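In our numbering, the protein residues as written are -16 to 186.
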């Protein structure tokens, strides 16, 4: 939900669901029911498969049908993001968004106990290949679930609230900065000295 002011947009985060996040990616969580779940580890565990779609749009260099041979090949980078500075203000200012043109990106909280939260912010891509500020959406998530962005989705770096959260992330990366992660700063759109183009209402 957004409201226009004379200066900037204010966005109220909504609870994330599989349905309202589907255009941006997938919510990664234990399903309530899964007829395809199987017993594993000698009957001591259940396995829930294909909870997110992990995508690498860079074709291998050896692929003769590769339409863009200038792209460097990429490998999966399994990393940990230690988000140690929770936002303590009732509003958070959006100055930039980023996207990963050729890879999905998954964030999965480690050791989630349900007591910490984070906010995901997304936006549509415009005809000028830049994020459309007026389409900002924000989603509130507790730390028992993860999210997986589709390739090329504009989003804000993770906004952690209440307490620090560590995320395991998986992204295909080639080491070429603009191919791995493209940033867009809302300098002109903000019309303000602080560069803030929109506000996320956290409290």
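Backbone N, C-alpha and C fix where the C-beta goes; we use that ideal spot for every residue, glycine too.
Predicted model, so just to flag it, every value in this text is computed and none were measured.
Original post:
Per DSSP, residue 181 forms a beta bridge with which residues?
Top reply: Counting from one through the chain shown, the residue named residue 181 turns up at place 198. Residue 181 pairs with -8, 77.
**OP:** Along the beta strand (DSSP E) that carries residue 120, what are the first and last residues, could you check?
**Re:** Counted from its first residue, the chain shown places residue 120 at position 137. That run of the beta strand (DSSP E) goes 120 to 125.
Original post:
Can you give, in chain order, each stretch of the beta strand (DSSP E) that sits fully within the stretch 149 to 179 and has at least 3 residues?
Top reply: Taking 3 residues as the minimum length, the beta strand (DSSP E) runs contained wholly in the stretch 149 to 179 are 165 to 168, in order along the chain.
Subject >> Option in 127, 67, 107 with minimal Cα separation from residue 80 >> reply: For the purposes of this step, residue 80 is taken as residue 97 along the chain shown, with counting starting at 1. The shortest Cα separation from residue 80 among 127, 67, 107 belongs to 107.
Original post:
On the premise that residue 178 lies in contact with residue 78, defined as a C-beta separation below 8 Å, what is that separation, rounded to the nearest angstrom?
Top reply: As a working mapping, residue 78 is identified with position 95 in the chain shown. As a working mapping, residue 178 is identified with position 195 in the chain shown. Contact between residue 78 and residue 178 holds, since their C-beta atoms are separated by about 5 Å, short of 8 Å.
Original post:
Just curious, the beta strand (DSSP E) that residue 91 is in, first and last residue?
Top reply: In the chain shown, the residue the question calls residue 91 occupies position 108. 88 to 92 is the extent of the beta strand (DSSP E) around residue 91.
Original post:
Considering only the beta carbon of each residue, do residue 12 and residue 129 sit closer than 9 Å?
Top reply: One-based indexing of the chain shown puts residue 12 at position 29. One-based indexing of the chain shown puts residue 129 at position 146. Going by C-beta atoms, residue 12 is nearer than 9 Å to residue 129.
**OP:** Give me whichever residues DSSP pairs with residue 138 in a beta bridge.
**Re:** Position 155 of the chain shown, counted from the start, is the residue given in the question as residue 138. Under DSSP, residue 138 shares a beta bridge with 81, 105.
Original post:
Based on Cα-Cα distance, which residue from 115, 131, 148 lies nearest to residue 169?
Top reply: Position 186 of the chain shown, counted from the first residue, corresponds to residue 169. Per the Cα distances, 115.
Original post:
I think residue 159 touches residue 66, with their Cβ atoms under 8 Å apart; what is that distance to the nearest whole Å?
Top reply: Sequence index remark: in the chain shown, residue 159 carries index 176 (1-based). Sequence index remark: in the chain shown, residue 66 carries index 83 (1-based). Rounded, the Cβ-Cβ distance is 25 Å, inconsistent with contact.
Original post:
What residue does the beta strand (DSSP E) around residue 64 start on, and which one ends it?
Top reply: Here the question's residue 64 lines up with position 81 in the chain shown. Judged by DSSP secondary structure, residue 64 falls within the beta strand (DSSP E) whose first and last residues are 58 to 66.
Original post:
Using a Cβ-Cβ distance under 9 Å, would residue 169 count as near chain C?
Top reply: The structure shown contains no chain C, having only a single protein chain.
Original post:
Expressed to the nearest angstrom, what Euclidean distance is found between the alpha-carbon atoms of residue 99 and residue 141?
Top reply: In the chain shown, the residue the question calls residue 99 occupies position 116. In the chain shown, the residue the question calls residue 141 occupies position 158. Distance between the alpha carbons of residue 99 and residue 141: 13 Å.
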